[in-house]
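Numbering (this note's numbering), first residue to last: 2 to 268.
Shown next, in structure tokens, is the structure this report addresses.
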Amino acid sequence: MEIHFKGAEVSCGVKYFLFGFNIIFWLLGAAFLGIGLWAWAEKGVLSNMASITDLGGFDPVWLFIVVGGVMFILGFAGCIGALRENTLLLKFFSVFLGLIFFLELTAGILAFVFKDWIKDQLNFFINNNVKAYRDDIDLQNLIDFTQEYWSCCGAHGPNDWNLNIYFNCTEFNPSRERCGVPFSCCVKDPAEDVLNTQCGYDVRLQGELDQQKYIHTKGCVGQFERWLQDNLIIVAGIFVGIALLQIFGICLAQNLVSDVKAVKANW
């Protein structure tokens with residue numbers, strides 16, 4: 002119900018637009034959280050929370066948990082705050098969204114200024130996940146997707162897979178995958194209808210020129226940098242779009258807070 006008193010009123014358009022804007026994020030956040038918790042339940046993490054620290058690499062489920070949690074909290078504050086005209090929740094929504102915007106801006110500036118350090122950290126991150134490739138099925142699927150999408154193998158090249166106990170070339174490695182690479186490193190044969198998961202076996206026993214016939218020999222760090230340069234306008238456009246949405250959300254919330262305060266001031 003709209004509040005009217007001495008000409009002051011809460012803008013119905015702003016109120017319900019902000020409500021609709023946030024209920025989408027609230028529902029999406031709940032869905033992401035649900036997927037993340039379901040994935041952890043399937044892997045037995047929820048029954049043994051200590052196992053969260055067991056994985057040496059990155060657990061992709063964390064993305065769903067963190068992103069879903071942030072979206073759920075923001076969506077709840079914005080949605081209920083707008084619907085109930087609650088200035089406390091609306092201010093929380095504005096401050097939280099503003100903080101996220103500030104962190105994104107800071108991260109972007111630091112990434113540009115310290116790009117060599119970021120590149121080193123990316124190498125370290127990828128190599129850590131190469132070591133943990135067989136430890137978690139979600140991580141394995143993420144690495145396979147990355148290597149297939151960017152047509153790459155390892156951080157700098159196929160020999161990075163020596164870091165993994167199943168693929169290293171040490172003399173005492175009993176694994177059948179010794180001196181090989183995952184199938185996601187392989188150059189796909191258009192004539193093959195069925196995926197050959199053994200295509201990377203023993204491939205690193207061959208010379209580099211022979212390897213190029215069967216697997217991608219470029220590293221994922223270099224391929225990612227090349228992809229980023231080729232799609233710089235699109236990537237920048239996405240980040241600018243997200244930033245504008247955040248600023249728009251903050252402005253709507255602050256406008257609604259001002260309306261509510263103006264109405265209360267006339268009581």
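C-beta: ideal position from N, C-alpha, C; glycine also.
Since this is a predicted model, take the numbers as computed values, not measurements.
Residue i: first and last residue of the uninterrupted alpha helix (DSSP H) it sits in
i    : result
C13  : C13 to E43
R85  : V62 to R85
D137 : From DSSP, D137 is part of no alpha helix (DSSP H); its letter is neither H nor E.
N256 : L233 to A266
K92  : T88 to V114
L47  : First-last for L47: undefined, no H or E at that position.
L210 : E209 to Q212
Given residue i as reference, the closest of the options once Cα atoms are compared
i    : options                   : result
T198 : A244, F26 and G181        : G181
T218 : D145, C170 and H157       : H157
D203 : W41, R177, Q230 and W63   : R177
F225 : D161, I74, C154 and G58   : C154
L206 : C170, I36 and D190        : C170
L253 : N174, F184, N267 and C80  : C80
F184 : E209, L210, D161 and Y215 : Y215
A237 : I101, A31, W63 and G109   : G109
L98  : L245, G45, R85 and R135   : L245
F26  : F73, A133 and N124        : F73
I248 : W162, D145 and S95        : S95
R135 : K116, G14, N160 and F168  : F168
K189 : R179, Q213, E86 and E209  : Q213
I138 : D260, A32 and E43         : E43
L29  : D161, I66 and G223        : I66
I24  : F33, G76 and L196         : G76
F93  : L111, V71 and T107        : V71
Contacting residues, own chain, Cβ-Cβ under 7 Å from residue i (five flanking each side not counted)
i   : result
I4  : Reliability of the predicted coordinates at I4 is poor, the pLDDT of 45 falling under 50, and the value obtained from them is presented with this limitation in mind. If we look at I4 and ignore the five residues flanking it on each side, its Cβ neighbours are E10, V11 and V264.
L19 : G79, A83, L253, A254 and L257
F6  : Note that F6 scores 42 on pLDDT, short of 50, meaning its location in the model is unreliable; the coordinates nonetheless yield the value given after this. V264, N267 and W268, listed in sequence order.
Neighbourhood of residue i by C-beta, 6 Å cutoff - its chain only, sequence neighbours within 5 removed
i    : result
M2   : Legend: pLDDT at M2 = 43, less than 50; position of this residue unreliable, value from coordinates given subsequently. Excluding residues within five positions, none has a Cβ falling inside 6 Å.
L143 : P61
For residue j and residue i, believed in contact at Cβ under 8 Å, the rounded distance
i    : j    : result
A78  : K16  : 15 Å between Cβ atoms; not a contact.
G69  : G37  : 6 Å
N165 : V131 : 6 Å
Q148 : C221 : 7 Å
E86  : V261 : 5 Å
Spatial neighbours of residue i in its chain, beta-carbon cut-off 8 Å, leaving aside the 5 residues before and after
i    : result
F126 : F59
D47  : In the sequence as presented, Asp is not what sits at residue 47; that position holds Leu. Closer than 8 Å at the Cβ level, and outside the excluded window around L47, lie L38 and W41.
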